[in-house]
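Colleague:
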Amino acid sequence: MIDQKTAMPRRTWRNRNGNGSPFRGRWARLPRSARWASLLGVALLAYLLPYVGSIPGIGPQIVTEGIDWPSALFNISYFVLLALGLNVVVGYAGLLDLGYVGFFAVGAYSVALFTSPDSILNTGWSWLAAVPVAIALTLVSGVILGWPTLRLRGDYLAIVTLGFAEIIRNTANGAEFMRGDRGFGGIPHPPGSLGDNSPIFGVRDATPYYWLGLTIIVVVIIGVRNLEHSRVGRSWLAIREDQEAAEMMGVRTVKYKLWAFAIGAAIGGFGGVMFAGEQGFLNSATFQLLFSILVLAGVVMGGSGNIPGAILGGALVSYVPDRLRGVEIAGTDAFQFRMLIFGFMIIVVMVFRPQGLLPSRRRAAELADRAKEATA
Amino acid sequence: MNSRTADGRQLLEVDNVTLRFGGLVALDEVNFAMRTGEILGLIGPNGAGKTTCFNVMTGMYRPTAGTVRFQGRPLIGRKRHEITRSGIARTFQNVRLFPEMTALENVMVGADIRDRTSVLGALFRVPRYWREERASRAKAMEMMEFVGIADRAGEVSRNLPYGVQRRLEIARALATDPALLCLDEPAAGFNPSEKAALLQLIRAIRDRGVTVLLIEHDMRLVMEVTDHIVVLEFGKKIAEGSPAEVREDPRVIAAYLGVPTDAA
Chain A
1 MIDQKTAMPR
11 RTWRNRNGNG
21 SPFRGRWARL
31 PRSARWASLL
41 GVALLAYLLP
51 YVGSIPGIGP
61 QIVTEGIDWP
71 SALFNISYFV
81 LLALGLNVVV
91 GYAGLLDLGY
101 VGFFAVGAYS
111 VALFTSPDSI
121 LNTGWSWLAA
131 VPVAIALTLV
141 SGVILGWPTL
151 RLRGDYLAIV
161 TLGFAEIIRN
171 TANGAEFMRG
181 DRGFGGIPHP
191 PGSLGDNSPI
201 FGVRDATPYY
211 WLGLTIIVVV
221 IIGVRNLEHS
231 RVGRSWLAIR
241 EDQEAAEMMG
251 VRTVKYKLWA
261 FAIGAAIGGF
271 GGVMFAGEQG
281 FLNSATFQLL
291 FSILVLAGVV
301 MGGSGNIPGA
311 ILGGALVSYV
321 PDRLRGVEIA
331 GTDAFQFRML
341 IFGFMIIVVM
351 VFRPQGLLPS
361 RRRAAELADR
371 AKEATA
Chain B
1001 MNSRTADGRQ
1011 LLEVDNVTLR
1021 FGGLVALDEV
1031 NFAMRTGEIL
1041 GLIGPNGAGK
1051 TTCFNVMTGM
1061 YRPTAGTVRF
1071 QGRPLIGRKR
1081 HEITRSGIAR
1091 TFQNVRLFPE
1101 MTALENVMVG
1111 ADIRDRTSVL
1121 GALFRVPRYW
1131 REERASRAKA
1141 MEMMEFVGIA
1151 DRAGEVSRNL
1161 PYGVQRRLEI
1171 ARALATDPAL
1181 LCLDEPAAGF
1191 NPSEKAALLQ
1201 LIRAIRDRGV
1211 TVLLIEHDMR
1221 LVMEVTDHIV
1231 VLEFGKKIAE
1241 GSPAEVREDP
1251 RVIAAYLGVP
1261 TDAA
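Protein chains in written order, with the working numbering: chain A, 1 to 376; chain B, 1001 to 1264.
1) Compare the C-beta of A/Asn-283 with all C-beta atoms of chain B and state if any pair is closer than 8 angstroms.
2) Measuring only between beta-carbons, confirm whether B/Pro-1113 sits less than 8 angstroms from chain A.
3) Closer than 8 angstroms is the cut-off here; do at least three beta carbon pairs connect the region 1209-1219 of chain B with the region 1032-1046 of chain B?
4) What are the residues of the region 1114-1132 of chain B that lie near chain A, defined by any Cβ-Cβ distance shorter than 7 angstroms?
5) Could you please tell me which residues of the region 266-294 of chain A, in chain order, have their CB closer than 8 angstroms to any CB of chain B?
6) Among the residues of its own chain, which have a CB less than 6 angstroms from the CB of A/Gly-146, if the five just before and after it don't count?
7) Which bits of chain A does B/Gly-1110 rub up against, with CB to CB less than 8 angstroms?
8) Are the C-beta of B/Thr-1176 and some C-beta of chain A separated by less than 8 angstroms?
9) Below 7 angstroms on C-beta distance, what does B/Arg-1090 contact in chain A?
10) Using DSSP with H/G/I as helix, E/B as strand and the rest coil, what is B/Val-1030?
11) Are B/Arg-1096 and A/Ala-245 close, meaning C-beta to C-beta below 8 angstroms?
12) Let's see if you can read the secondary structure: which residues bound the alpha helix (DSSP H) around B/Arg-1020?
13) When you compare each of A/Leu-95, A/Thr-149, A/Tyr-78, A/Gly-250 to A/Leu-294 by their alpha carbons, which one comes out closest?
14) Mark A/Arg-288 as exposed unless 16 or more other C-beta atoms lie within 10 angstroms of its C-beta, in which case mark it buried.
15) Could you pull the DSSP bridge partners for B/Glu-1082 from this structure?
16) Indicate whether the contact test is met: 3 or more Cβ pairs, each with one atom in the region 205-219 of chain A and one in the region 1080-1089 of chain B, closer than 8 angstroms.
17) How many angstroms separate the CA atom of A/Phe-337 from the CA atom of A/Ala-330?
18) Measure the C-alpha to C-alpha separation of B/Lys-1079 and A/Arg-252 and round it to an integer number of angstroms.
19) B/Thr-1084 versus chain D: which residues are under 7 angstroms apart at the beta carbon?
20) How close, in whole Å, do the beta carbons of A/Ser-230 and B/Glu-1105 come, if the pair is a contact with beta carbons under 8 angstroms?
21) Measuring straight from C-alpha to C-alpha, what distance separates A/Gly-213 and A/Ile-347?
22) Expressed to the nearest angstrom, what Euclidean distance is found between the alpha-carbon atoms of A/Gly-107 and A/Ile-76?
23) Starting from B/Glu-1132, trace the alpha helix (DSSP H) both ways and give me its first and last residue.
24) Taking DSSP's pairing of strands, which residues face A/Phe-184 in a bridge?
25) Do you know offhand how far B/Glu-1245's Cα is from B/Asp-1151's?
26) Is the beta carbon of B/Ala-1188 sitting closer than 8 angstroms to the one on B/Ala-1153?
27) Only counting the same chain, and skipping five residues up and downstream in sequence, which positions put a Cβ closer than 7 angstroms to that of B/Ala-1175?
28) Pull the bridge partners of B/Lys-1237 from the DSSP assignment, please.
29) If we define contact as Cβ-Cβ less than 8 angstroms, is B/Met-1034 a contact residue for chain A?
30) Given that B/Phe-1054 touches chain A, what residues does it touch there, using C-beta distances under 8 angstroms?
31) Smallest Cα separation from A/Val-299: which of A/Val-317, A/Ile-221, A/Val-254, A/Gly-272?
32) Between the region 179-195 of chain A and the region 268-283 of chain A, do three or more beta carbon pairs fall short of 8 angstroms?
33) Are the region 129-147 of chain A and the region 266-280 of chain A in contact at 8 angstroms, needing three or more beta carbon pairs?
34) Using the C-alpha atoms, what's the distance from A/Asp-333 back to A/Val-327?
35) Ends of the alpha helix (DSSP H) at A/Asp-155?
36) Please check the pair B/Glu-1169 and B/Phe-1092, which I expect to be a contact at CB under 8 angstroms, by giving their CB distance rounded to whole angstroms.
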């Protein structure tokens, strides 16, 4: 099946070898326009999610009870964003990063430092003005962490990243200018106002924040896909599969690993920027290690190395605990058991579907290979 | 030394290279030179240091002493990807493809190493991205056609038969536009007809202007295809010369067949 015009094999070829799912094969055979149209449809539906509660029957089952639905959706949106960013680091480049929350914190604190009246910088910028600076700072922090550590592999890298997150948290706790648990208040919301001069991004309804998050997610997905289907993505894959062979083929492994780290960090920073803009307040208690673990669990559960998988996983780790809020089980709030229920869920997924719910074809095959090696 | 068929310019000089791993001397003052356009065979019994010699040349090991010069410039201490970019490509004794990539993607990893599309360029899909991506794709396809596996371009490389994987590795190495291609036992596990086809391929590679360094066990293949042979044993060079000379060399015969007891 060679494209007549260019004499090049088409992408659909990839799916002829029998280890892609039937859905994936059918999807790849759809004409480009049909694929775009369906993706557009999915995006539109995502924008309409705040109104899902008004669908009779299933709607009330979906929406959260203990937390208002738009806020739950906003939580989902930044978790999805973080999962997408971590997916670049873990899923594409194969670098285990356990301290991803550190970048989320750098993004959020950067906004706080430049905008909050409590900050010693006393710059009092608007949220929008602080965004590019905050993203640049997270990018740089990714490079600073990555530069000395990317020579390490596997477990060793994981330990260093874990340390990084702790350094950020301890600095937030201990350094005077970071204000510890007193935190930063009065962080401005994103700009814009409606016809009657009420701000678009207010305090009562989180829906606009969710839409903003969703828009950033769409942009990030496009960017990540562009990278995936370029020499950058090929280099990441080559590094993940056989770093030494990649080097011998002329791939600059340190450079591309560093970029994976920096891009992942910047996306995490976006999450932090959104979070700070919605909450208006943050302190050192916000950035627990658990956060990193949750996002990583989301990526692995959803399907490492696959964008839809990362989205699904990120959404689940945020949605499930929120959905359990205010639900009564045997006279107690199910939210108290959220980690128990959640942990059980992860175990079930990992037992029955170790490659994740929506795995990337390549990753699934790699895992199968490793399992074969382990039993051989 | 015989008159060598190559055009005579020195491409690679291995000069007194010694490599020790602790007490083990893997390479012991090995010397040889390659000329542009020739096919040089590096032979020797198992454990003679052939692959080790490759690994020194391609930057995987750093020798304890000695130098390697490629196109007049020293190679020792340069980064692996720089060595590849400067024009040395290799295949591996045990095939090392990127197993979950398609055959075409594997070759494209080799094909795009001198591209200048930056990460930001790929992110924003600048015109250069499209131009270079198309060029890499075309070059990768051309290489796959050259080695005769273009019809497998879209298949995931781990699913390919062994012989195709071997050829794919050669295509991937050729895609980096090497001046020198090092083949590490490319005929291992091949049947006679596959070996004959490989022989054709090696000649065709040379005819493209690529100098070939060949490690091979199959004596008949080596004798037939090479212009010049270097024989290693226990890390030492024991003989060097044309195939005919090497074939007659008593040390080589002894190394391969063992020394007859009555001659000792």
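By construction, the Cβ of each residue, glycine as well, lies at the ideal position given by its N, Cα and C atoms.
Just so it is clear, the structure is predicted and the values come from calculations on it, not from any experiment.
Modeller: Checking against the coordinates, here is how it stands:
1) Translated into positions along the first sequence, residue 283 of chain A becomes position 283. Taking Cβ atoms only, chain B never reaches closer than 8 angstroms to A/Asn-283, which makes this a no.
2) For the purposes of this step, residue 1113 of chain B is taken as the residue at position 113 of the second sequence. A quick correction: the sequence has Ile, not Pro, at residue 1113 of chain B. True, the Cβ-Cβ gap to chain A drops below 8 angstroms.
3) Between the region 1209-1219 of chain B and the region 1032-1046 of chain B, the count of Cβ pairs shorter than 8 angstroms is three or higher; the stretches touch.
4) With the criterion set as a beta carbon lying under 7 angstroms from some beta carbon of chain A, the members of the region 1114-1132 of chain B are Asp-1115, Thr-1117, Val-1119, Ala-1122, Leu-1123, Arg-1125, Tyr-1129, in sequence order.
5) Residues: none.
6) One-based indexing of the first sequence puts residue 146 of chain A at position 146. Cβ contact annotation for A/Gly-146 (same chain, cutoff 6 angstroms, sequence separation greater than five): Leu-258, Phe-261, in chain order.
7) Residue 1110 of chain B sits at position 110 when you count from the first residue of the second sequence. Going along chain A in sequence order, the residues near B/Gly-1110 (Cβ under 8 angstroms) are Met-249, Gly-250.
8) As a position in the second sequence, residue 1176 of chain B is number 176, starting the count at 1. So, interface residue.
9) Numbered from its first residue, the second sequence carries residue 1090 of chain B at position 90. Scanning chain A for C-beta atoms nearer than 7 angstroms to the C-beta of B/Arg-1090 yields Met-248, reported in chain order.
10) Position 30 of the second sequence, counted from the start, is the residue given in the question as residue 1030 of chain B. Reduced to three states, the DSSP call for B/Val-1030 is strand.
11) As a first step, residue 1096 of chain B must be located in the second sequence, where it is residue number 96. As a first step, residue 245 of chain A must be located in the first sequence, where it is residue number 245. In this structure, B/Arg-1096 lies near A/Ala-245, with their beta-carbon atoms less than 8 angstroms apart.
12) In the second sequence, the residue the question calls residue 1020 of chain B occupies position 20. No alpha helix (DSSP H) holds B/Arg-1020; the beta strand (DSSP E) holding it covers 1010-1021.
13) Position 294 of the first sequence, counting from 1, holds the residue named residue 294 of chain A. Minimum Cα distance to A/Leu-294 is reached at A/Tyr-78.
14) Within the first sequence, numbered from 1, the residue matching residue 288 of chain A stands at position 288. The sequence shown places Gln at residue 288 of chain A, rather than the Arg named in the question. Label assigned to A/Gln-288: exposed.
15) Here residue 1082 of chain B is taken as the residue at index 82 of the second sequence, counted from 1. Answer by DSSP bridge pairing: none, since B/Glu-1082 is not bridged.
16) Because the criterion of three Cβ pairs below 8 angstroms is not met, the region 205-219 of chain A and the region 1080-1089 of chain B do not touch.
17) In the first sequence, the residue the question calls residue 337 of chain A occupies position 337. In the first sequence, the residue the question calls residue 330 of chain A occupies position 330. Taking the straight line from one Cα to the other gives about 11 angstroms.
18) Counting from 1 along the second sequence, the entry for residue 1079 of chain B is found at position 79. Counting from 1 along the first sequence, the entry for residue 252 of chain A is found at position 252. About 9 angstroms.
19) Judged by its chain identifiers, the structure shown contains no chain D, and its protein chains are A and B.
20) On the first sequence, residue 230 of chain A is found 230 positions in, with the first residue counted as 1. On the second sequence, residue 1105 of chain B is found 105 positions in, with the first residue counted as 1. Contact flag wrong, Cβ pair sits at about 11 angstroms.
21) Counted from its first residue, the first sequence places residue 213 of chain A at position 213. Counted from its first residue, the first sequence places residue 347 of chain A at position 347. A/Gly-213 and A/Ile-347 have their C-alpha atoms roughly 29 angstroms apart.
22) The count along the first sequence starts at 1 and reaches residue 107 of chain A at position 107. The count along the first sequence starts at 1 and reaches residue 76 of chain A at position 76. The alpha-carbon separation between A/Gly-107 and A/Ile-76 amounts to approximately 18 angstroms.
23) Residue 1132 of chain B sits at position 132 when you count from the first residue of the second sequence. From DSSP, the alpha helix (DSSP H) with B/Glu-1132 extends over 1127-1147.
24) Start at 1 with the first residue of the first sequence, and residue 184 of chain A comes out as number 184. For A/Phe-184, which the question treats as bridged, DSSP gives the partners A/Leu-282.
25) Locating residue 1245 of chain B in the second sequence gives position 245, counting from the first residue. Locating residue 1151 of chain B in the second sequence gives position 151, counting from the first residue. If you take the alpha carbons of B/Glu-1245 and B/Asp-1151, they lie about 42 angstroms apart.
26) The residue given as residue 1188 of chain B occupies position 188 in the second sequence. The residue given as residue 1153 of chain B occupies position 153 in the second sequence. No, these two residues do not count as a Cβ contact at 8 angstroms.
27) Residue mapping note: residue 1175 of chain B aligns to position 175 of the second sequence, counting from 1. Taking C-beta separations shorter than 7 angstroms and ignoring five residues to either side along the sequence, the partners of B/Ala-1175 in its chain run Val-1107, Gly-1110, Ala-1111, Lys-1139, Ala-1140, Met-1143, following chain order.
28) Numbered from its first residue, the second sequence carries residue 1237 of chain B at position 237. Paired residue(s): B/Leu-1232.
29) Within the second sequence, numbered from 1, the residue matching residue 1034 of chain B stands at position 34. Closer than 8 angstroms to the CB of B/Met-1034 there is not a single CB belonging to chain A.
30) Here residue 1054 of chain B refers to the residue found at position 54 when the second sequence is read from its first residue. At a C-beta separation below 8 angstroms, B/Phe-1054 has no neighbours in chain A, since its nearest C-beta there lies roughly 11 angstroms away.
31) Locating residue 299 of chain A in the first sequence gives position 299, counting from the first residue. With distances taken between Cα atoms, A/Val-299 lies closest to A/Val-317.
32) Note that the region 179-195 of chain A touches the region 268-283 of chain A; at least 3 beta-carbon pairs, one per stretch, sit closer than 8 angstroms.
33) Between the region 129-147 of chain A and the region 266-280 of chain A, the count of C-beta pairs closer than 8 angstroms reaches three or more; the two stretches touch.
34) By 1-based counting over the first sequence, the position of residue 327 of chain A is 327. By 1-based counting over the first sequence, the position of residue 333 of chain A is 333. Annotation: A/Val-327 to A/Asp-333 spans about 6 angstroms, alpha carbon to alpha carbon.
35) Start at 1 with the first residue of the first sequence, and residue 155 of chain A comes out as number 155. It spans 154-174 - the alpha helix (DSSP H) in which A/Asp-155 sits, taken as one unbroken run.
36) Working through the second sequence from its first residue, we reach residue 1169 of chain B at position 169. Working through the second sequence from its first residue, we reach residue 1092 of chain B at position 92. With a Cβ gap of about 7 angstroms, B/Glu-1169 and B/Phe-1092 count as contacting.
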